[in-house]
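To start, the structure itself, in structure tokens.
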Ligand code: G3H
Ligand code: 13P
Ligand code: ZN
Ligand code: NA
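Numbering (UniProt numbering), first residue to last: 2 to 309.
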């Protein structure tokens with residue numbers, strides 16, 4: 002069935018594992034993810050961004066996710082990723098989403114609280130859970146470059162106040178991850194001391210890690226081998242994700258790894274089979290590449306296998 006993340010996060014927190022928040026944009030991506038989750042007997046969160054809604058048309062995504070629920074029988078959360086405003090949140094709740102993110106992290110603290118609280122009141126009255134964000138992930142969320150990394154990271158005391166005053170169900174924290182394929186220039190580094198402090202101060206409360214793709218080297222290499230250009234692409238090492246999952250982090254967001262798995266497969270196919278032009282011939286293997294990558298994440302990194 003379509004479920005909220007309430008019970009999933011409770012069990013994940015207690016079990017020291019995390020649920021994958023996977024971004025979906027079309028049928029092959031959805032099928033690859035849920036086929037993997039089904040084989041691993043894992044709950045899964047399918048998340049839709051504003052860009053995904055614009056690309057696919059909301060009704061198509063909704064119906065595809067309904068089909069995935071019917072086909073797999075899995076507990077699936079349909080989640081809005083980085084909801085920018087109340088109107089978008091409202092539209093998604095009307096569309097049957099069981100979870101929404103309101104991302105007002107670019108606003109000052111009090112404004113973030115006000116906007117988030119408004120969403121919480123609306124969503125909770127309709128049985129929908131809310132994720133919000135405090136602190137800012139590097140790079141993507143704003144053109145303004147903040148001089149000190151410290152300024153963008155989540156402040157643990159503010160996190161406690163934010164959770165108490167908004168009534169949210171989960172909190173996305175900034176500890177050094179960022180969106181996309183270029184997360185670190187040198188050695189990958191996350192502020193685990195900060196994550197441990199937040200976990201302690203918000204004992205039992207589910208945290209979310211955005212920008213958590215590993216940018217898996219084999220996909221980057223394959224893209225580059227078959228005509229791509231991704232020099233210096235680097236993500237979050239899987240050991241760090243395991244460590245985050247063992248702390249308060251209950252949801253780990255993955256989009257870039259899906260994109261890379263799909264693109265690497267298609268690039269290889271086109272180079273090896275220039276005579277082919279049937280989309281099923283290259284989208285089939287691309288879907289399979291997503292499935293294998295997601296299985297690996299669920300089994301070896303998130304730890305959510307056999308949890309349903
Ligand atoms: O937060 C970023 C996710 O990867 C979604 O990306 O906005 O291009 O769909 P998108
Ligand atoms: P990645 O770009 O690391 O996959 O992050 C995805 C994400 O945080 C979606 O909200
Ligand atoms: Zn994100
Ligand atoms: Na955890």
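The beta carbon of each residue, even a glycine, is placed where N, CA and C say it ideally should be.
Test item: CB-CB of residue 129 and residue 98 under 9 Å: As a first step, residue 129 must be located in the chain shown, where it is residue number 128. As a first step, residue 98 must be located in the chain shown, where it is residue number 97. Yes, the pair counts as a contact, with Cβ atoms nearer than the cut-off.
Exposure of residue 86, with buried meaning 16 or more beta-carbon neighbours within 10 Å: One-based indexing of the chain shown puts residue 86 at position 85. That one is exposed.
Range of the contiguous alpha helix (DSSP H) that encloses residue 158: What you label residue 158 is simply residue 157 of the chain shown in a count that begins at 1. Element bounds for residue 158: 157-167.
Pair within 9 Å by beta-carbon distance, residue 258 and residue 217: In the chain shown, the residue the question calls residue 258 occupies position 257. In the chain shown, the residue the question calls residue 217 occupies position 216. Going by C-beta atoms, residue 258 is nearer than 9 Å to residue 217.
Residue 1 and residue 303 closer than 9 Å at C-beta: Because residue 1 is not part of the residues shown, which for the chain are 2 to 309, the question remains open.
7 Å CB neighbourhood of residue 269 in its chain, flanking five on each side removed: Indexing the chain shown from 1 puts residue 269 at position 268. Counting only Cβ-Cβ distances below 7 Å, and skipping sequence neighbours, we find 223 and 227.
Three-state secondary structure assigned by DSSP to residue 312: Limits of the chain in this structure are 2 at one end and 309 at the other, which puts residue 312 out of reach.
Collapsed DSSP secondary structure at residue 142 in the structure displayed: For the purposes of this step, residue 142 is identified with residue 141 of the chain shown, where counting begins at 1. At residue 142, the pLDDT of 47 sits below 50, so the modelled position is not reliable; the number obtained from the coordinates is stated separately. Of the three classes helix, strand and coil, the one that applies to residue 142 here is coil, per DSSP.
Residue 214 Cβ short of 8 Å to the ligand 13P heavy atom set: As a first step, residue 214 is located in the chain shown; it is residue number 213 there, counting from the start. For the ligand 13P, at least one heavy atom lies less than 8 Å from the Cβ of residue 214.
Rounded separation between residue 50 and residue 301 - CA only: Residue 50 sits at position 49 when you count from the first residue of the chain shown. Residue 301 sits at position 300 when you count from the first residue of the chain shown. About 26 Å.
Minimum C-alpha distance to residue 111 - residue among 287, 164, 73 and 5: In the chain shown, counting from the first residue as 1, residue 111 sits at position 110. The option with the nearest alpha carbon to residue 111 is 164.
Three-way DSSP call (helix, strand, coil) for residue 285 in this model: By one-based count along the chain shown, residue 285 stands at place 284. Reduced to three states, the DSSP call for residue 285 is helix.
7 Å Cβ shell around residue 147 - same chain, five flanking residues per side excluded: Taking the chain shown and counting its residues from 1, the one referred to as residue 147 is at position 146. Residue confidence is low: residue 147 scores 43 on pLDDT, short of 50, so the model does not pin down where it sits. Its coordinate-derived value is still stated next. Same-chain partners within the cutoff: 153.
Residue 211 CB to nearest heavy atom of the ligand G3H below 8 Å: Residue mapping note: residue 211 aligns to position 210 of the chain shown, counting from 1. Checking the Cβ of residue 211 against the ligand G3H gives yes.
For residue 235: DSSP bridge partner residues: Stepping through the chain shown from its first residue, residue 235 is reached at position 234. Looking at the DSSP assignment, residue 235 forms a beta bridge with 183.
Close-in-space but distant-in-sequence residues of the same chain around residue 286 (CB under 7 Å, 5 per side omitted): Along the chain shown, read from residue 1 onward, the residue named residue 286 stands at position 285. Here the set comprises 266 and 270.
Any non-hydrogen atom of the ligand 13P within 8 Å of residue 24 CB: Here the question's residue 24 lines up with position 23 in the chain shown. Residue 24: yes, Cβ under 8 Å from the ligand 13P.
Euclidean distance between Cα positions of residue 338 and residue 179: Look at the range of the chain in this structure, 2 to 309, and you will see that residue 338 is not part of it.
CA nearest to the CA of residue 294, picked from 194, 6, 11 and 41: As a working note, residue 294 is residue 293 in the chain shown. Of 194, 6, 11 and 41, the residue nearest in Cα terms is 41.
Alpha carbon of residue 234 to alpha carbon of residue 186, nearest angstrom: In the chain shown, residue 234 corresponds to position 233, counting from 1. In the chain shown, residue 186 corresponds to position 185, counting from 1. Cα to Cα, residue 234 sits roughly 9 Å from residue 186.
Check: residue 1 C-beta below 8 Å from any heavy atom of the ligand ZN: Since the first and last residues shown for the chain are 2 and 309, residue 1 lies out of range.
Residue 138: CB within 8 Å of a non-hydrogen atom of the ligand ZN: Within the chain shown, numbered from 1, the residue matching residue 138 stands at position 137. Correct: residue 138 has its Cβ closer than 8 Å to the ligand ZN.
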